Structures are given as structure tokens and as C-alpha cells.
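Numbering (numbering that gives the first Met the number 0), first residue to last: 0 to 655.
Yeah, the Cβ is synthetic: ideal placement off N, Cα and C, and Gly gets one too.
As the structure is a prediction and not an experimental result, all values here were calculated from the model.
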Amino acid sequence: MSANEYHIGDFVYIEEDPGQPYLIRKIEELQKVSNEIGTVVKVTCLYRRRDIPIDLLKLADNVKTAPKCFLLSSSKKHQIDTSAKNEAADSAEEVKDDPLKVDEQSKQQFGGLPLGAENLSLEDLHCLQQHELFMSRQLQTLPAKNIRGKCCVVFLSDIDTPEMYIKNDDQYFYSLIYDKTDETLMSDKRTVSIGAEHQAIIDEPNIVVLKKLTEERKRKGFANIEDEPKPKKSPPSILNVPVLPNGRETLIFHPHHNLSDSEIDQFLILSKAVGTFARAFDVPSVTKIPTLHVAAAAASRDTTQFHAMSLLHQSGYNIGKASQYLVPSVRLYKNATDHILDSPSPLLCKDELEYWSPAEAHIFAEALEKCNKDFNEIRQYYLPWKSEKDIVEYYYMYKTSDQYAKFRKSKKDSLTRGNLKRVYILPYNKPSSSIITDLSSVNGSEKIISSIPCESCNSNESSNWFNWGPLEKNMRLCQICWDQWKKRGGLKRPHESERYRFEPYNCSIKPTTNDLLTHQRPRPSNSVSIFGINGQNGGVFIPPIATPCLLCPSSNISIKHLNRADKLFYYRSTILNKLARKLSTKALFDSKKFARNPFKKINTKAVMDNFFDRDPFSIVHVIRKTYENVNKIVSPSFIELIAKHCRSCLPASTGC
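Written out as C-alpha cells, the structure is:
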């Protein structure tokens, strides 16, 4: 097989943006559209860690990979080696959970990685995480010319080791399925639920149930339920025919008779022969069934066999008497229907497939294609003269016919028309738009020396150099690291602009005069990759931003979210707003009343005016009674701020 030949089921690299890493996709369909567009591929999307939202990625990392014996046990005390437990049963000590060890294990996040990842160095662990993918059910249609090579993606097994993926750039693994629409992660491994925690909990019988069971045992003469004998199976006989409740069911055949299977088969063949002969006398059947073998096939359908077995039952399982019923002169057996003729002629049994005319069958085929299996709609708009029972019965008969097989084949051919089994794509040799062309080689050698080292390997020599990251930072990658970054989506070493393990971004913001009003610490955020999520930021570095708080309900402040529009946030009120609400009257601000009417507008201007009309001494007094850290809040700058806004006169010596 050629390296440039791609088949259905292959995992491939696809390039959508020359400045972004390759997309990893699985080929589902290959279709030739036209000469202008060429070949397109329908692919299943696989996502890297950089494409997963931060909150979901933290959950995936916290999944603990425990041994199987741990998973099968529901107790908190696990014993790994059962053989060692049996040998040292007398001297074994109970293992108690150490809170320090549990805390240390919770900090290590190796969920979804091969066993042994906890023993790797930081660089190897960083490299291993670049080989982790997340499968999805999302499909895409992309041009086949964007394929840049093959790769191998497997489901993570218990026997896989980290070295299997670190040493091979084209080897990837996955263990979770990512739903981009709902933003959820679920396991793709279906396991057998064994253990006490998976068993149903059966309640103990109460006094009433125990009393009834005791009375039942006494009535039958048994002391315990275990002493009851098993019911004996009686051999089939015509004397033990089952009795059915009246008005609910009608018995038309039972196996409790003296006939052998060969005798029943002979009678069924006789009934089929009579049915073939009867179709020669039926004028509608002659026009629709022109040949003998088609008539024999129609006579061999299930309806003929059902009527034949019903005749056996009505004749008391006497084959001689049942054979006379095949050519009746009058209505001889009780369950006669319209399918049996009154005149002395061979018994003719038809089903819905023969009763329907070719025109009705054609209408039903069109209705089935448009309405699918909505039989009520088919009857309402296409076949109103037919009952829904007849339509349903004809549908199941129609599925066994050659017409339905031809219809399915034509429909399948129309869907797969233009589909290909494989496609050959020429190697892509065009230079990347990120390549740096203003560098020259030294002394005519193939190696180009750059004054700026590679961001991945810190090398200064390479055959080609590529721009990486925002242009203002002037970062570069060598040829080898560029190829690895395009495939793996990450550098060899952890970089400040790459995100695989999300840690809180610690940013220090100098306090300003506005901080006296907001009194809010910057909320920890996460650094976003310089290439954004799914390559949407266009190589612009987005620094972490502190979400502004809401000063008052009437303030117009827009809050931007980095990842999603429904990201979790909260409003933190300022000290002045808290004091204003606390010192206001119930006529202006009643918290219980506004809690019952959340959409009622609050007159914040009146609340703040009432606060600023107060004496500053009373404000400071309330602060001393309310807050513990008074020295941090009641500072000279804070008193000056209150004095500036309060309309009352503040003395020179506050005495605070």
C-alpha cells in the first residue's frame, strides 16, 4: 500500500490553516463531487487537549486509573494481592487511609494516560499529553487535497506504556469521548459491572408479607418454601389441551396431538399444491401471476400454512378429514373468513400482498419513501380506502418481497453513487506561509544560523526557520520542531504560551484609586494559548483579564468571557454598597421584599443619597460593629472618601 493512498477508516492529518497544527480526523466516506471541486472526505473529528474547555480538561485529569481489584471492591480498605492475604491472614494489619497520602495522590493528575505516567519527568509527561486525543461523534466534510499524511489512533489499553507513544510522533491514543455541543466527556469503554455496589437492594419482607407466606405454606402443608416439590412436566397428549380464558384468545393449533412432524409436513405440501391449483381458477390471480412458478411461490406463503394448520385443529388432527376441507363444498370449519370461497372449489388463501393492486403498491412505495413508517399519515393522505391494519400487514409482507429488495438497492445506490473506496493524493511540497525567507546560510552550507534560538529545542542551526506565535514576540521554530509541532500540537518542553496542564494564572495588579471603590481582588484566570482555541484567535496572545465587578445594579459594565458565554461568574458588591444597603430604611431597601420580586428595579440612587446624607461618625460606628478587620477598612483614605461624598460637615478631628 502506498503512503499517499488513503482508505476508509484511516486516521489522517488535515491542514486547515498553514499557521496552525494539523487536525486529526478519521475518514468515513470518500466521494467524488465534480472535476472542479474534486474529491471530498467525510471525517470524524478528534480533538487535542488544546481544543477541550478548561473545566472539562480538569475533570478528565482527575479521573484516577485504579487497578481492577480496586474497581471491583466497594470497601475503603483494598487488598491488592489476594494470595499474600491468604498466606499472612493472621499477621495482616488493616490499612487505613492516610490523609497526607490521599492529598498527595489527589494532586497528581494522570487520568486518561497510560499506566506508569506518574514516573515520567515533566518533559516526558508534557510530550505524552500531546499524544492524548478525545474522540467525538461529530462529522465534517473537507476537501481531500488538505490531507497531509497518516497517523495511528488506538483506544488506550491497560497494557500500553508511555514509551509506546513518546518515541513515535504519529502514534496517538484516546480514552474519552467529547461532545462539543453539550460540552461533556464520557467513557468509551464498556465494562461489566461486577460487585456489591452494582447489585439491586432487596428490602426485607415486612410482617404482612411474612404472615401471608406462612399461611400459604400452612395451606399447602409445607413447613418451608424449600420443601415444596418441583412441578412435574406431563408428556404431550391430546388429553391435556390448554384451556384459554373465554373472550380473550382463540386456540387454532396446539402441539398436544398424536401426529408426527413428517405427517404435518406432508399435509402442508398438500395444502400448497391445492393453493397453486386454486390460483388457476381465480381470474384476478391469473392476470397478476402469469407463470406457474410465481403461483407456486404465492401459494407457499405463510397464510397458506396458517390456514392448513387451522384446518388440522378443526378436524381434530385427522389428516383424512382435514384433506377434505382443502376442497370444501360449503363452509365446513368454524373460523371461516372471507379468504375461503363458498362454492365447491380448491381452497384459496391470500394475504395483503396479493389483494393489493399494482397501482396501490406503487402508491404505497412512494408514500413509504416520503412518510417513512408513519402509517397513520400514509392512510390519511395516500390510501384512505385502506384500513390501518391492512397497511401495517401489507408493510411487513412488502418487506419480504423482491420489490422492496430492489427499492432498497436503488436507494442505496443513489446514496453511494460517486463514493470511492480509496483515493491517491500527491505529496504536498509547497512552502509554508510561516517560513522565514530573509535568513541566509553561512559559507554556502545547508544549515541556516538564526540569532534567535528555537523555542522548542534552543537550537540555532536548521535548514529552515518558521515564525511561531505573535509577531511582536519574534519567536521561531526550527524545521524539526516545526514538523513535530504541526503533528503533535505542542513543543518539546513546556512553554508559557502552550496549555496542556491548566494551572491558575497568578497576576499581580497594582491597586489604584478605583480599588477603594471596588475592593476586589483579581480573580484567578487561565492563560490562553497564543493560537487560541480551535485556532480562532489568529495568533494573538490574550492575557488573563480580571472580570470587573458590578458596582450597582444600574451600572452598565459588559463582561467578556474567554471560552464560553455561560462561564461561571459572580457579582461582588463593594463596601460602600453594602453599607448603603445596611443603613438604608426598609422603605428604600427591603432585602426580603426584593428577594421575592427579583425583577423589580431597585432605586439605587435613593439608597446611595440616603447613605451620603448620614453623619460620617455613624458610618464609622457601623463599620466597627460589622467588620472584624477594622484597621484595614477604616483607613485615612477611606475616611477621606466618605467625607468627600457625604453632605454632612466632617470635623477636623474625627476621633476614629
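For a quick check, are the C-beta atoms of residue i and residue j less than 8 Å apart?
i, j, result
"L184", "P161", "no"
"H130", "Y177", "no"
"L311", "F266", "yes"
"G111", "L175", "yes"
"D169", "P113", "no"
"I7", "I26", "yes"
"F406", "V391", "no"
"L419", "K149", "no"
"Y12", "K429", "no"
"E445", "S431", "no"
"Y427", "R24", "no"
"H125", "R475", "no"
"A307", "T275", "no"
"L382", "E365", "no"
"I424", "A195", "no"
"K179", "S120", "no"
Classify residue i as buried or exposed, calling it buried when 16 or more other Cβ atoms lie within 10 Å of its own Cβ.
i, result
"Q483", "buried"
"E4", "exposed"
"N466", "buried"
"A2", "exposed"
"T303", "buried"
"V658", "Absent from the structure is residue 658, since the part of the chain shown begins at 0 and ends at 655."
"E203", "exposed"
"P615", "buried"
"V40", "buried"
"Q313", "buried"
"T81", "Summary for T81: the model assigns pLDDT 41, below 50, so the residue's position carries little reliability, and this model does not support an answer."
"L291", "exposed"
"I622", "buried"
"D9", "buried"
"A297", "buried"
"G468", "buried"
"Y171", "buried"
"G488", "buried"
In angstroms, rounded to a whole number, what distance separates the CA positions of residue i and residue j?
i, j, result
"S186", "Q137", "16 Å"
"K385", "R378", "7 Å"
"L587", "A579", "10 Å"
"L132", "T140", "20 Å"
"D284", "E353", "The residue asked about is misnamed: residue 284 is Ser in this sequence, not Asp. C-alpha separation (whole angstroms): 8 Å."
"E387", "N371", "15 Å"
"P52", "V208", "54 Å"
"E262", "K320", "14 Å"
"D181", "N205", "45 Å"
"V326", "N257", "24 Å"
"D589", "K624", "21 Å"
"A279", "T286", "10 Å"
"W481", "N34", "34 Å"
"L212", "I201", "17 Å"
"L269", "D389", "28 Å"
"Y380", "H361", "14 Å"
"A404", "K398", "8 Å"
"L575", "N596", "24 Å"
"D401", "V282", "23 Å"
"I435", "R571", "49 Å"
Please look up how many angstroms separate the CB atoms of residue i and residue j, rounded, as I've assumed it's under 8 Å.
i, j, result
"N277", "S356", "For clarity, residue 277 is Ala in the given sequence; the question names Asn instead. The pair is not a contact, with the Cβ atoms about 20 Å apart (cut-off 8 Å)."
"C477", "S458", "5 Å"
"F109", "E117", "5 Å"
"F593", "I601", "6 Å"
"L293", "L346", "Reading the sequence as shown, one finds Val at residue 293 and not Leu. That belief does not hold up - the Cβ atoms of V293 and L346 are roughly 19 Å apart, past 8 Å."
"F252", "S309", "7 Å"
"S433", "L490", "S433 to L490, Cβ: 15 Å. No contact."
"N145", "E15", "7 Å"
"I448", "E460", "6 Å"
"Y173", "V152", "6 Å"
"T43", "L29", "With 8 Å as the limit, T43 and L29 do not qualify as a contact, their Cβ atoms being about 14 Å apart."
Looking at the ligand NAP, does it come within less than 7 Å of residue i, judged from the CB to the closest heavy atom?
i, result
"L311", "By its list of ligands, the structure shown contains no ligand whatsoever, and the ligand NAP lies outside what it can speak to."
- Query: Does the stretch 8 to 28 come close enough to the stretch 40 to 49 that 3 or more CB-CB pairs lie under 8 Å?
  - Reply: yes
- Is the stretch 600 to 608 touching the stretch 575 to 589, taking contact as three or more C-beta pairs under 8 Å? yes
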